Amino acid sequence: MLSIAVWAGDVVVIVNKENTNAIDKVLVAKIYTGEAGYWPNGGSIFAVDQSEANSIRANFYSSMLGKSPSNMKALWAQKIFSGQALPPKVVDTDAEVKKVVSANKNAIGYIKASSVDDSVKVVAK
Amino acid sequence: MQKTGRQYVLKTAGTIFLALGLQPTAQAIAPEDLSIHGFGNQGYMQSMDNNYLGTDNNGSWDDSALALLFAAKIDDKSKIWMQWYGTSEKVRLDWAFIDYQLTDNLTARAGQIKSPIGLYTEIRDIRFLQLSVLMPMLYQDASDFAHEAYNGTAVVYKHDFGGGSLIWDAYIGQETNFEGSATTIKNHRLAGGRVTYKTPLDGLELMVSAYSNNKEDTATATQGAQQMWLFSAGYTSDNWDIKTEYANIDNARIDKKSKTYYMQAGYTFAEKWTPYLRYDYITTDTTQSADPSHYQQTNSLGLGYKINSNINMRVENHWNNGYAMPVLSEEVTAGAGKMDWNMFVASINFIF
């Protein structure tokens with residue numbers, strides 16, 4: 188069963204092999220800005236982010252979400268401190284993102300295109 | 022008998038622990054499901070006249086605050102939130118509630134909850150997230166127009182609409198009397214709501230908020246509802262932060278109508294510098310709006326600087342005409358204030 192990946196330059200969005208949801212840029216943006224918490228086919232979304240020290244994070248925010256890191260920080264701070272939503276889980280490396288996503292059917296993350304392997308399924312656009 | 026802040030804390034904590042105990046698979050919260058965040062500030066304030074906010078022309082460094090927020094995910098549908106807030110004078114439970122996802126779009130909450138009023142109420146203490154140091158007069162404690170929190174229940178419904186999304190907040194309960202606040206006021210029933218439209222234009226949102234808050238003053242044996250309608254519009258992007266709000270307030274208990282509005286804008290350049298300005302107006306009694314004891318208009322000019330992604334600082338000056346706010350906070354007697362007066366404030370702010 189294929190998963191769907193969305194490409195943004197050399198950053199690719201990955202999901203678990205069992206995820207059959209249709210995922211586009213709009214949904215990815217909603218997930219990572221706290222506006223979507225559930226998959227269309229059911230299940231609570233478990234989003235994975237990368238640490239601030241990784242340049243891929245800024246690249247992902249810019250190319251996929253159209254936002255700067257400081258804008259994203261303010262956005263999540265507003266949601267956290269008004270009790271609306273909690274931010275995605277943060278990990279440090281592409282390997283950790285793949286480990287989390289492959290172990291959780293509701294997980295979504297992003298990695299460098301060069302880090303893709305068969306632990307998560309992707310489809311080129 | 023008026024509940025004390027201590028009783029509110031115990032009642033709220035008890036509600037939360039009872040909810041935890043009723044969980045069918047109650048188990049200890051895993052460390053990875055517990056989030057800890059915080060914010061704080063250290064400020065300087067100088068009121069050249071009218072002694073507003075307890076300062077005079079000598080200035081004061083008493084403006085400091087620190088808050089800790091704990092959030093725990095119990096399962097896929099429920100979370101617990103708790104925030105403690107402290108200043109040099111007090112420590113209080115800001116809010117503590119459980120929220121439960123009934124459906125993909127519908128959330129229920131119970132406990133002591135930050136009030137969904139306008140653009141700023143839920144983040145009014147978090148200077149790092151605000152454009153300015155001093156909030157618009159609508160949100161300042163002296164005006165008492167935007168109650169900070171309430172003890173009760175709420176529902177939040179969200180759905181996509183017209184390329185954007187609509188968020189409906191509805192709540193009922195009692196306004197929270199934080200320990201040490203006004204002593205003779207007894208809070209009765211509070212009901213309110215807010216509709217937020219996040220437009221298809223990213224960053225632009227429109228809001229309408231309203232509430233009816235029934236209070237009794239045991240000292241004067243007066244009781245009645247304060248009702249407010251508030252219209253809000255805000256636009257934020259990487260560079261721009263523009264907001265405007267307008268409120269009409271009808272206080273039946275003291276038979277007064279009030280009005281307040283503001284417009285503010287800030288622009289960030291070089292990713293660090295943000296000059297900003299604001300025009301703010303309030304009349305605390307529309308039948309006496311020409312009396313400087315009952316109106317105040319303020320022009321503010323400020324500059325913000327982002328030190329890093331967690332720390333920023335701001336300096337600003339306020340040119341005031343009228344002194345309604347010092348009268349409300351009883352720092353000046355009506356008729357005895359200085360009509361044109363300045364206030365200088367500065368603050369360093371952080372979040373984590």
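Heads up: the sequence lines are chains S and P, in that order. Residues in the first sequence are numbered consecutively from 188, following the working numbering. Residues in the second sequence are numbered consecutively from 22, following the working numbering. A virtual CB, placed ideally from N, CA and C, is assigned to each residue, including glycine. Keep in mind the model is a prediction, meaning the values are calculated, not measured.
Collapsing the DSSP output to three states places P:Tyr-218 in a strand. If you draw a straight line from the Cα of P:Tyr-218 to the Cα of P:Gly-139, it comes to about 12 Å. Rounded to the nearest angstrom, the Cβ distance from P:Asn-269 to P:Trp-250 is 5 Å, consistent with a contact under 8 Å. Close partners of P:His-58 in chain S (Cβ separation under 9 Å): Ala-264, Ile-267, Phe-268. Distance between P:Lys-359 and P:Phe-371, taken at the CA atoms: about 35 Å. Interface annotation for the stretch 292-316 of chain P against chain S: Glu-292, criterion Cβ-Cβ distance under 8 Å.
Chain order gives the chain S residues near P:Glu-143 as Gln-265, Phe-268, Ser-269, Gly-270, Gln-271, where near means a beta carbon separation below 9 Å. The criterion of a C-beta distance shorter than 9 Å is satisfied by P:Val-176 and P:Ala-129.
Scanning P:Ser-253, P:Tyr-232, P:Ser-258 for the CA closest to the CA of P:Ala-246 turns up P:Tyr-232. Excluding sequence positions up to five before and after P:His-315, its CB lies within less than 7 Å of the CB of Thr-304, Thr-305, Asp-306, Gln-309, Ala-345, all in the same chain and listed in chain order.
Neighbours of S:Pro-256 in chain P, taken as residues at a C-beta separation under 8 Å, are given in chain order as Ser-330.
Apart from sequence neighbours up to five positions away, the residues of its chain that approach P:Trp-105 with a beta-carbon distance below 7 Å are Ala-88, Leu-89, Val-112, Leu-114, Asp-115, ordered along the chain. With distances taken between CA atoms, P:Tyr-121 lies nearest to S:Gly-270 out of S:Ile-243, S:Gly-270, S:Ser-238, S:Leu-214.
Contacts with chain P at 9 Å (Cβ-Cβ) do not include S:Glu-205. One Cα belongs to P:Trp-261, the other to P:Ala-242, and the distance between them is close to 48 Å. Using a CB distance cut-off of 9 Å, P:Arg-335 does not count as an interface residue toward chain S. Counting only the Cα atoms, S:Phe-268 lies some 26 Å from S:Asn-293.
The beta carbon of S:Lys-276 sits closer than 9 Å to some beta carbon of chain P. A straight line joining the alpha-carbon of S:Asp-236 with that of P:Arg-148 spans about 26 Å.
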